[in-house]
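Each residue of the first sequence is one higher than the one before, counting from 24 in the working numbering.
Don't be surprised by glycine CBs; every beta carbon is placed ideally from N, CA and C.
Structure record follows, encoded as structure tokens.
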Amino acid sequence: MSYSLFSKSFIFTAREDPKAAECDSQRFLLKGCYLFMLSSGIYSYLPLGRRVLEKISMIIRKHMNSAGAQELLMSALQPIEIWKKTGRDKILEEVMFKFIDRKKRTLCLGPTHEEVITEIVRKYASSYKQLPFTLYQIQTKFRDEPRPRFGLVRSCEFIMKDAYSFDGDEEGLNVSYEKMLKAYRSIFTECGLQFVMTEADSGAMGGSVSHEFLVLSPVGEDILFYCRGCGHYYRQEQDCPQCKSKTEEKRMIEVGHIFKLGTKYSAAQNAVFLDRQGQRRPVVMGCYGIGVSRLLPAIIEQNFDAKGIIWPEAISPFDLTLIVLDESLLNEAISFAQILEREDIDTLIDDRNDNAGVKFNDAGLIGSPYTAIMGKNYLHDGKIEVEVRKTKERISLSKEEFINFLKEKNNEKK
RNA sequence: CGGGAAGUGGCCCAAUGGCUAGGGUACUUGGUUUGGGACCAAGUGGUUGUGGGUUCGAAUCCCACCUUCCCGACCA
Numbered sequence: 024m025s026y027s028l029f030s031k032s033f034i035f036t037a038r039e040d041p042k043a044a045e046c047d048s049q050r051f052l053l054k055g056c057y058l059f060m061l062s063s064g065i066y067s068y069l070p071l072g073r074r075v076l077e078k079i080s081m082i083i084r085k086h087m088n089s090a091g092a093q094e095l096l097m098s099a100l101q102p103i104e105i106w107k108k109t110g111r112d113k114i115l116e117e118v119m120f121k122f123i124d125r126k127k128r129t130l131c132l133g134p135t136h137e138e139v140i141t142e143i144v145r146k147y148a149s150s151y152k153q154l155p156f157t158l159y160q161i162q163t164k165f166r167d168e169p170r171p172r173f174g175l176v177r178s179c180e181f182i183m184k185d186a187y188s189f190d191g192d193e194e195g196l197n198v199s200y201e202k203m204l205k206a207y208r209s210i211f212t213e214c215g216l217q218f219v220m221t222e223a224d225s226g227a228m229g230g231s232v233s234h235e236f237l238v239l240s241p242v243g244e245d246i247l248f249y250c251r252g253c254g255h256y257y258r259q260e261q262d263c264p265q266c267k268s269k270t271e272e273k274r275m276i277e278v279g280h281i282f283k284l285g286t287k288y289s290a291a292q293n294a295v296f297l298d299r300q301g302q303r304r305p306v307v308m309g310c311y312g313i314g315v316s317r318l319l320p321a322i323i324e325q326n327f328d329a330k331g332i333i334w335p336e337a338i339s340p341f342d343l344t345l346i347v348l349d350e351s352l353l354n355e356a357i358s359f360a361q362i363l364e365r366e367d368i369d370t371l372i373d374d375r376n377d378n379a380g381v382k383f384n385d386a387g388l389i390g391s392p393y394t395a396i397m398g399k400n401y402l403h404d405g406k407i408e409v410e411v412r413k414t415k416e417r418i419s420l421s422k423e424e425f426i427n428f429l430k431e432k433n434n435e436k437k
């Protein structure tokens, strides 16, 4: 990425709150030109939204890769036959977008990918020597939701990171599962989220053990019970088993869900390998999902104020919004942004021929962690005014001081 | 799928049976501004969600459908 000029960018913020906005995150995503709604539950990511998705995806990739997982990309189109093998053509019938192609094949747009990954592994994995491995993808899923809700929180087409681990036995699965669990903690932490991990039902995925990662938000669709006394969350409403205090109901957004699948899919689809003793055995699987597009509203729900979004540094589409209030300073602003570019700092230069108020308001709405102002003060003393979005703290810095300031922040981030 | 609310220029709204459907904002042009959505002027843009009905006359009343949002059911 590099610096962008606002006047040349596809960013057209709305002055009024969109009427259809159901919650704060959705309101800011629409108002701030991150997202375009084509129809209920169907969205396009505009350039700003695309940048955020990219930032989130890079964080996920970093942690998945360092946990030893390998990225692949599976087809979204899936023949119905593979679903018949596991019987999930019936279980997921209602949410599947299903259709018949010109050759009279019945296809669906993948609502999830256990069946496909198992077909892949069935073909290639034949020996214990190949195990274990974990594969993942970041891809669009399609689900015919009965009621899309809260914008990207529940949509019919959404982006998911789904990973699948393959081991020779339960012990191996436990190791793979723990690795993913650890990676998930790192991912959500880096995304700036306060999250809760709890044991959960495995539902239509099947399997024995599963954990959910949830973030606190009034637009959440899951409910946990929180104990003010000791800070624990519980699935059931009951007096806290630890400290006997009354618990209170909290709404949560599910952002991740991991499952120990065991051999449910490998047995049904005949994904077997020869073990050390030459015995045919089904591979032991785990699956690990993150709602990538759902992370946008989840992060915003935890990070906003009256003006707009307050992006965590690792997620923001731009690291810095640089407001230029005097035309004569534009070239200087651009060369400054080029210097920042070398330090991996993405700058949105607001060079528009608009009043200062418009620029300040848009900067607040778009939500870069830092807003810098080059105007008459800069002309007087060469100091750039920097406002920290989150704390509203304002400081005046020379260019050199500012570069060092951002470098320092960048290092903290890493 | 059950219950509720709402559809009027791109966006936010007004007009409750009666003149050519208004205003704000956005956009275009000209001018003045320029540190918190500034001002003046002139413009572009509407078969009032769709179809039917009642009426001399419908954005407005009635019916059906469509769309969107909310609550619920469902939810990997």
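Cβ-Cβ distance between residue i and residue j below 7 Å
i	j	result
residue 82	residue 213	yes
residue 199	residue 155	yes
residue 409	residue 374	no
residue 364	residue 25	yes
residue 391	residue 343	yes
residue 226	residue 284	no
residue 124	residue 130	yes
residue 315	residue 192	no
residue 333	residue 432	no
residue 233	residue 86	no
residue 183	residue 312	yes
residue 268	residue 279	no
residue 275	residue 239	yes
residue 160	residue 97	yes
residue 134	residue 215	no
residue 187	residue 310	yes
residue 430	residue 419	no
residue 372	residue 132	no
residue 68	residue 298	no
Rounded separation between residue i and residue j - CA only
i	j	result
residue 181	residue 79	14 Å
residue 74	residue 43	24 Å
residue 325	residue 435	21 Å
residue 295	residue 57	45 Å
residue 142	residue 117	23 Å
residue 322	residue 36	20 Å
residue 185	residue 399	51 Å
residue 50	residue 337	22 Å
residue 302	residue 289	15 Å
residue 137	residue 107	13 Å
residue 421	residue 176	42 Å
residue 220	residue 47	24 Å
residue 415	residue 382	16 Å
residue 2	residue 248	Within the shown structure, residues of the chain are numbered from 24 to 437, placing residue 2 beyond reach of any answer.
residue 218	residue 235	10 Å
residue 396	residue 331	19 Å
residue 72	residue 362	25 Å
residue 425	residue 411	12 Å
residue 266	residue 207	29 Å
residue 393	residue 327	14 Å
residue 113	residue 194	32 Å
residue 270	residue 223	19 Å
residue 385	residue 84	31 Å
residue 211	residue 126	44 Å
residue 128	residue 376	56 Å
residue 305	residue 358	60 Å
residue 39	residue 254	39 Å
residue 178	residue 59	13 Å
Rounded Cβ spacing between residue i and residue j (contact assumed at less than 8 Å)
i	j	result
residue 202	residue 91	7 Å
residue 174	residue 388	In fact, because the Cβ distance is near 16 Å, the residues do not count as touching under 8 Å.
residue 158	residue 93	6 Å
residue 329	residue 345	About 23 Å separates the two Cβ atoms, so there is no contact after all.
residue 204	residue 281	6 Å
residue 33	residue 70	5 Å
Residue i CB to nearest heavy atom of the ligand GTP below 6 Å
i	result
residue 411	Inclusion of the ligand GTP in the displayed structure is not the case, the ligand content being empty and no account of it being possible.
- request: Identify every run of the alpha helix (DSSP H) within the stretch 166-213, keeping only runs that are complete inside it and at least 4 residues long; order them along the chain.
  value: 193-213
Within the stretch 277-344, ranges of the beta strand (DSSP E) (whole runs, at least 3 residues)
295-297, 303-305 and 307-314
*If you pair each beta-carbon of the stretch 98-107 with each one of the stretch 362-382, do three or more pairs fall below 8 Å?*
no
Touch check for the stretch 242-258 and the stretch 147-162: three-plus C-beta pairs under 8 Å? no
_Measuring CB atoms only, is the stretch 258-267 touching the stretch 158-172, in the sense that at least three cross pairs come out at less than 8 Å?_
no
Can you list, in chain order, the stretches of the alpha helix (DSSP H) that have 4 or more residues and sit fully within the stretch 51-94?
70-89
Tell me the start and end of each unbroken beta strand (DSSP E) in the stretch 234-276 that is at least 3 residues and wholly inside, in chain order. 245-250
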